[in-house]
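K.L.:
Residue numbering for the sequence shown follows the numbering used here, starting at 181 and increasing by one per position. Below you will find the structure I want to go over with you.
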Amino acid sequence: MTNTISVNDPSLPHFISALQDSNLKVFEKTKSGREVVQHFTHYQFSQFENGSHVAELIKERANFVDQILKKLWQTFIEDPNTSLIAVGGYGRGELHPYSDVDLLIIADDPMQHQEAFSTFITFLWDIGFEVGHSIRSLEDCFQEGLDDVTTATNLLEARWITGSYEPFEQLQQLWSKPDFWPTKTFFKAKKNEQEQRHKRFNETVYQLEPNLKESPGGLRDLHTIYWIAKRYFRVQSIHELVQKKFLTPEEFVQIEAANKYLNRVRFALHHMKKRREDRLLFDNQRLIAETFGYQDNPEKMAVEQFMSGYYRNVQTVVKLNEILMQHFHERLFESDKKSIQNINPRFCLINGYLDIRHPNVFAQNPTALLEVFIVLQALKEAKGLRSNAIRSLRNHLHLINDSFRNDPINKALFLEIFRQPAGINAAVKRMHSYGILGAYLPVFQKISGLMQFNIFHAYTVDDHTILVIRNLRRFFVDHFAYEFPTAHQIAQTICKPEILFIAALFHDIAKGRNGAHEILGAEDTRQFCEQHNLPQKDANLIEWLVRHHLDFSHVAQRKDLSDPKIIKEFAELVDTQARLDHLYLLTVADVCATSDDVWNDWKNSLFLELYNETSNMLQLNEDAPKSKAKKALKTQEVAKATLSKMELKPSQYKTFWESLTESEFFSRQTHADVARLTKILYQHQMGSDNWVQVSPKSSRGASELVIYMNDRDFLFANIAHSLDRQKFDIMEARIFSTTDDKTLVLMYFLDRDTHEIINQDSCDTIESRILEDLIKPLPESPANAYPSYLSRRIRCFETPTQISFHKINKHKTELYISTQDRPGLLARIGLALKQCNIRLHDAKIHTVGEKAEDVFIISDTQDLAIEDKEVQRMLENAIIDLLD
181 MTNTISVNDP SLPHFISALQ DSNLKVFEKT KSGREVVQHF THYQFSQFEN
231 GSHVAELIKE RANFVDQILK KLWQTFIEDP NTSLIAVGGY GRGELHPYSD
281 VDLLIIADDP MQHQEAFSTF ITFLWDIGFE VGHSIRSLED CFQEGLDDVT
331 TATNLLEARW ITGSYEPFEQ LQQLWSKPDF WPTKTFFKAK KNEQEQRHKR
381 FNETVYQLEP NLKESPGGLR DLHTIYWIAK RYFRVQSIHE LVQKKFLTPE
431 EFVQIEAANK YLNRVRFALH HMKKRREDRL LFDNQRLIAE TFGYQDNPEK
481 MAVEQFMSGY YRNVQTVVKL NEILMQHFHE RLFESDKKSI QNINPRFCLI
531 NGYLDIRHPN VFAQNPTALL EVFIVLQALK EAKGLRSNAI RSLRNHLHLI
581 NDSFRNDPIN KALFLEIFRQ PAGINAAVKR MHSYGILGAY LPVFQKISGL
631 MQFNIFHAYT VDDHTILVIR NLRRFFVDHF AYEFPTAHQI AQTICKPEIL
681 FIAALFHDIA KGRNGAHEIL GAEDTRQFCE QHNLPQKDAN LIEWLVRHHL
731 DFSHVAQRKD LSDPKIIKEF AELVDTQARL DHLYLLTVAD VCATSDDVWN
781 DWKNSLFLEL YNETSNMLQL NEDAPKSKAK KALKTQEVAK ATLSKMELKP
831 SQYKTFWESL TESEFFSRQT HADVARLTKI LYQHQMGSDN WVQVSPKSSR
881 GASELVIYMN DRDFLFANIA HSLDRQKFDI MEARIFSTTD DKTLVLMYFL
931 DRDTHEIINQ DSCDTIESRI LEDLIKPLPE SPANAYPSYL SRRIRCFETP
981 TQISFHKINK HKTELYISTQ DRPGLLARIG LALKQCNIRL HDAKIHTVGE
1031 KAEDVFIISD TQDLAIEDKE VQRMLENAII DLLD
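Here is the structure:
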């Protein structure tokens, strides 16, 4: 009886038989092949779920693909002189479930067999493989490899699969040609390639959504070591570097562990997404944390625990990559005579890099573990540390114990690092990278690799801290004065910059603990200052800075800076100009170190306003108004003088000013704004028609919208709806009602996508759309008016809505709303205010990553504070209903 072949049988032998069965049609063979690949993929996923090692699974998959390719090659390719070669990751014998199968086909005349090659490649795609392929002659391989280091690197990883072996042997001989990527040239190219790749990721391992392959510390950094080692030593694995005494056994264990970890995460990503995926996006982070068995605890979310483990592993890769790349550099470029300059009995400079003079430097003198960084700071010509010194530092970290920390010399040296005139940022980065900082300060070790699962904080706590120190240091450097002119000017008045650097080091030291981190951090700071015998005055200032490092930003972005009472309260907290100067610098450096997208001209204007107003208050300036009424009178007095220079007489704007005397217009606006707005509105004769003007730029760092129209309640809802439809984000809103039944609205806004001011060309269009929307009725429900989608990133976070009320005076109530940022947020809130007959006077908008923290000054329609608990509850329910 003849056995029949079932195309539904997914086994590899039956697929091979199906290939050879002339009675089967191509689509049936393709279906059979696709089932084989799917069956094997499902089998591997099952093995992964049951705990099989990923290192074995990715090798097993490469072997599986080898077998299929061999059979398909025999089926489709008849020319015995052609060769099929694996390159890339597949060439290394590693293949993840949905990774590309990179192939090189070598033929004497590629065009002669183009149809057969095309059929072969197409079949591979049809059965489910992602194929990257090139068809070249040996001469093509040489020429294209010579032109492009990436192509050459692919050839370096070439592995013969099937076909003629002779072309493969000839391909291997390319590396023996003196003009084909000599070792030094290859090293420089790969080093430059790595540096450029790291720059794309801001040269930090701590990305919100890192790429497992490309980010610093990722798999590509390991591959770079392997490629250079293979080119230089002709080795086939990293382990062979141990045999050649280029890599220590301990370093190999660390590299191997990190490699296995990263591959495990990558395999898990493919398993979950059922496609090629190398990015640890927010939703992927949560899923993998769950897959790996992490659970939330009181101190850390499961995803934060997982990402902390990820960061530790990639940091290991970065450290070892630095050592080995430096070691390669020394081997390749120091074969000639060395230039050695002795610095002191412990250190010397070799070809521009600092090294230890003998292997027992740190063992005999542990203090040198800190001294080395001061020596580096003092030597402007030093390019860094030699690999030998870095290794020795890492190998002697155990010497940093309680006895070391209590040694007065070591305490003095640690402080001295922060007192040096240059090299502070580089020293702190190196200390952290080599493990010195965490060893000397165990409290700092606790925040190493600590991530915060939100959009606002783009970096882990330790990396953020290093960036704050970097930003502070740049304030003192003339070369960077253009970045923050005011901060640079203030920095020149600081007598002891180390106070700021130490405050920055400790400002987030207590993150991840139960309790307010600014309070717990202040306690840690006090202990540090006492242990290091800092002068009491300095210690008090550092502790105060850590305790209050959140306050400047909070007041600047959420409070009414035109209110003398707010400024007076903040001035009382700050107490001295020195404190204000230090706190301003620390706050700007802190905010800029959270994310590249956080700082803009709008925030800069708010921070400067708070700094200048508080500084005036602290100087007991007789001209500084002590109340809103006095401020309003002073503003009118100065504005009147300005208008006189503009040739406007008081009689011409008297009616307009008198109509605003019962509002807070003159106490809220600067004298320059009052004069400017008075002139604008006078020129437009303040007619009965709605008047709208959009200015692309204002003194407040945002685009400005001015509306003057017949009085009506709930105007904010209409304007917010219009600006939201045009994809603008409101930063601040001020609404003034006049005694002659008019309303003056001032709004400041930015482009939603770019967070920048608008172009002059778009002003007319924006004005027209606002005028149109002002006469249209508002939608009763946000369901159809505002998009319900959330961005991919924001969807990953759960941000509960929190609402609170605070009575300011008998006329005003502060409404605070913290909720998830989303399209149409302010328009929805405006609709809720309208539904509950609530009048809006002022709004301050503050978005922190995925969270919106907005403050609204409200009253009822009789301009009385909202004190009735039932009315508050009704408004709260309306807001929640519209947001949901």
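Quick reminder that beta carbons are idealized off the backbone N, C-alpha and C, glycines included. As the structure is a computational prediction, the values presented were derived from the model and not from experiment.
Which complete beta strand (DSSP E) runs does the segment 501-560 hold, if anything under 3 residues is left out?
P.N.:
Listed in chain order, the complete beta strand (DSSP E) runs (minimum 3 residues) inside the segment 501-560 are 520-522, 527-530 and 533-536.
K.L.:
Take residue 900 and list the residues in its own chain whose beta-carbon comes closer than 6 Å to its own, dropping the five residues that flank it on each side.
P.N.:
Taken in chain order, the residues that qualify are 1006, 1007 and 1010.
K.L.:
May I ask you to list the residues that DSSP assigns as paired with residue 282?
P.N.:
According to DSSP, residue 282 bridges with 312.
K.L.:
Could you check how far apart the C-beta atoms of residue 438 and residue 365 are, in whole angstroms? I think they sit under 8 Å.
P.N.:
With a Cβ gap of about 28 Å, residue 438 and residue 365 do not count as contacting.
K.L.:
By Cβ distance, which residues of its chain are closer than 6 Å to residue 629, with the 5 residues on each side in sequence left out?
P.N.:
Contacts found: 488, 491, 492 and 640.
K.L.:
Can you grab the Cα-Cα spacing for the pair residue 732 / residue 771, in whole Å?
P.N.:
If I take the Cα positions, the gap works out to 11 Å.
K.L.:
Measure how close the beta-carbons of residue 644 and residue 773 come, nearest whole angstrom, since I'm counting them as under 8 Å.
P.N.:
That pair is a contact at about 5 Å.
K.L.:
State the Cα-Cα distance for the pair residue 233 and residue 226, rounded to the nearest angstrom.
P.N.:
Between residue 233 and residue 226, the C-alpha separation is close to 12 Å.
K.L.:
Can you tell me which of 508, 517, 563 and 547 puts its alpha carbon nearest to the alpha carbon of residue 532?
P.N.:
Looking at the Cα atoms, 563 is the closest of the given residues.
K.L.:
With a CB to CB cut of under 8 Å and the five nearest residues on each side skipped, what residues in its chain are close to residue 498?
P.N.:
So the list reads 385, 396, 397, 401 and 613, once near-sequence residues are dropped.
K.L.:
Which of the three DSSP states, helix, strand or coil, is assigned to residue 857?
P.N.:
Three-state result, residue 857: helix.
K.L.:
Can you grab the Cα-Cα spacing for the pair residue 1051 / residue 1045, in whole Å?
P.N.:
If you take the alpha carbons of residue 1051 and residue 1045, they lie about 11 Å apart.
K.L.:
Compute the Euclidean distance between the alpha carbons of residue 1109 and residue 874, then round it to the nearest angstrom.
P.N.:
The chain is shown from 181 up to 1064; residue 1109 falls before or after that span and cannot be answered.
K.L.:
May I ask you to report which of helix, strand or coil DSSP gives residue 381?
P.N.:
Coil, per DSSP.
K.L.:
Should residue 742 be labelled buried (16 or more other beta-carbon atoms within 10 Å of its own) or exposed?
P.N.:
Buried, because 16 or more other Cβ atoms sit within 10 Å of the Cβ of residue 742.
K.L.:
When DSSP labels each residue in this structure, what does residue 981 get in the three-state scheme?
P.N.:
Residue 981: coil per DSSP, three-state reduction.
K.L.:
Could you tell me whether the Cβ atoms of residue 648 and residue 766 are closer together than 9 Å?
P.N.:
A contact, by the Cβ cut-off of 9 Å.
K.L.:
Identify every residue that forms a DSSP beta bridge with residue 247.
P.N.:
Paired residues: none, contrary to the question.
K.L.:
Based on the DSSP output, what are the partners of residue 1000 in its beta bridges?
P.N.:
Note: residue 1000 sits in a beta bridge opposite 1031.
K.L.:
Helix, strand or coil, according to DSSP, for residue 743 in the structure here?
P.N.:
The answer is coil: DSSP assigns residue 743 none of H, G, I, E or B.
K.L.:
According to DSSP, is residue 405 part of a helix, a strand, or is it coil?
P.N.:
Looking at residue 405 - three-state DSSP - the assignment turns out to be helix.
K.L.:
By DSSP, does residue 263 sit in helix, in strand, or in coil?
P.N.:
The answer is strand: DSSP assigns residue 263 an E or B state.
K.L.:
Are the CB atoms of residue 447 and residue 507 within a distance shorter than 9 Å?
P.N.:
The answer is no: Cβ separation not under 9 Å.
K.L.:
Taking DSSP as the reference, what is the three-state secondary structure of residue 890?
P.N.:
Residue 890 falls in the strand class under three-state DSSP.
K.L.:
By Cβ distance below 7 Å, which residues in the same chain neighbour residue 318 in space, the five residues on each side in sequence not counted?
P.N.:
Correct list, in chain order: 286, 347, 350 and 351.
K.L.:
Is there at least one Cβ from chain B nearer than 9 Å to residue 303's Cβ?
P.N.:
Any reference to chain B falls outside this structure, which holds one protein chain only.
K.L.:
Could you say which of 259, 579, 952 and 321 lies nearest to residue 292 if we only look at CA atoms?
P.N.:
Out of 259, 579, 952 and 321, 259 has the C-alpha closest to the C-alpha of residue 292.
K.L.:
Give me the residue from 882, 200, 837 and 458 with the minimum Cα distance to residue 862.
P.N.:
Answer by Cα proximity: 837.
K.L.:
Is there contact here, the segment 519-537 with the segment 452-471, by at least three beta-carbon pairs under 8 Å?
P.N.:
Judged by Cβ distances under 8 Å, the segment 519-537 makes no contact with the segment 452-471, as fewer than three pairs qualify.
K.L.:
Helix, strand or coil for residue 917 per DSSP?
P.N.:
In this structure, residue 917 counts as strand in the three-state DSSP scheme.
K.L.:
If we count Cβ pairs, one from each stretch, closer than 8 Å, do we get three or more for the segment 366-376 versus the segment 404-414?
P.N.:
Enough Cβ pairs lie closer than 8 Å, so yes.
K.L.:
Determine whether the beta carbon atoms of residue 757 and residue 798 lie at a separation below 9 Å.
P.N.:
Yes, the Cβ-Cβ distance between residue 757 and residue 798 is below 9 Å.
K.L.:
Within the same chain, show all residues whose beta-carbon is closer than 8 Å to that of residue 309, passing over the 5 residues directly before and after it, in chain order.
P.N.:
Within the same chain, residue 309 has close Cβ partners 217, 245 and 281.
K.L.:
Tell me whether the segment 516-524 and the segment 413-433 touch, counting them as touching only if at least three CB pairs, one residue from each stretch, are closer than 8 Å.
P.N.:
No, they do not touch.
K.L.:
Would residue 750 pass as a contact of residue 735 if the rule is Cβ separation under 9 Å?
P.N.:
Yes, they are a contact pair.
K.L.:
So, is residue 455 buried or exposed, given that buried needs 16 or more other C-beta atoms within 10 angstroms?
P.N.:
Classification of residue 455: exposed, given that the 10 Å Cβ count is below 16.
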